[in-house]
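The structure appears below as structure tokens.
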Amino acid sequence: MAHITTTMPSLKDPDWGDCCEKILLPPDDPNAEVIDIPGYKLVYCNGACPKNYRVYKGDSMLGLVFQHLTHWSNEVDEIRYTQPLNAAMALDEFLKLATVSKAADKSIAA
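117 is the number of the first residue of the sequence shown in my numbering; add one for each residue after it.
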């Protein structure tokens with residue numbers, strides 16, 4: 117029986133030259149494009165139109181918001197928001213309600 121071994125290149129010191137950039141930079145990275153809004157940090161992920169931002173509350177990532185030419189949106193509803201804060205707050209509120217609903221379902225099942 118033959119034994120096949122695959123070798124992964126070292127992830128610590130890749131020899132890729134200057135072609136590669138870090139993606140999904142954390143909010144505290146000096147190269148990250150960050151929008152600070154009260155209570156949240158939006159960190160640019162990718163995209164042009166819409167631009168995709170990860171939403172952080174403290175050290176936790178909540179989800180994504182999208183910057184369109186005329187409005188902001190989030191990943192949980194189809195509402196067009198005029199400000200990024202409103203889109204982030206709606207995302208946060210949705211997650212809070214989903215957590216309460218999940219806890220209620222568990223208590224009913226018990």
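Just so it is clear, CB atoms sit at the ideal spot from N, CA and C, and this is done for glycine as well.
### Message
Going residue by residue through the segment 137-224, where are the continuous beta strand (DSSP E) segments of at least 3 residues, counting only ones entirely within it?
### Response
150-153, 156-162, 167-173, 176-183 and 188-190
Report yes if the CB atom of LEU141 is closer than 8 Å to the CB atom of ALA148, and no otherwise. Yes, Cβ-Cβ distance for LEU141 and ALA148 is below 8 Å.
From ILE151, PRO143, ASP144 and ASP145, pick the residue whose C-alpha is nearest to that of GLN199; which is it?
ILE151
Query - Close Cβ partners of MET227 (< 8 Å) along its chain, the five nearest in sequence each way excluded - result: Since the displayed the chain opens at 117 and closes at 226, residue 227 lies outside it and no answer follows.
*Would ALA203 be called buried (16 or more neighbouring beta carbons within 10 Å of its own) or exposed?*
buried
Q. What is the rounded straight-line gap between the Cα of CYS135 and the Cα of LEU213?
A. Note on CYS135: pLDDT 49, under 50, position unreliable in the model; the coordinate value appears next. Approximately 43 Å, taken between the alpha carbons.
Does the beta-carbon distance from HIS187 to CYS165 come in below 8 Å? When the beta-carbon positions are compared, HIS187 and CYS165 stay at least 8 Å from each other.
query: Just the Cα atoms here: how many angstroms apart are GLU209 and ILE153?
result: 16 Å
Exercise. Please check the pair GLY174 and GLU191, which I expect to be a contact at CB under 8 Å, by giving their CB distance rounded to whole angstroms.
Key: Contact doesn't hold; Cβ gap of about 19 Å is too wide.
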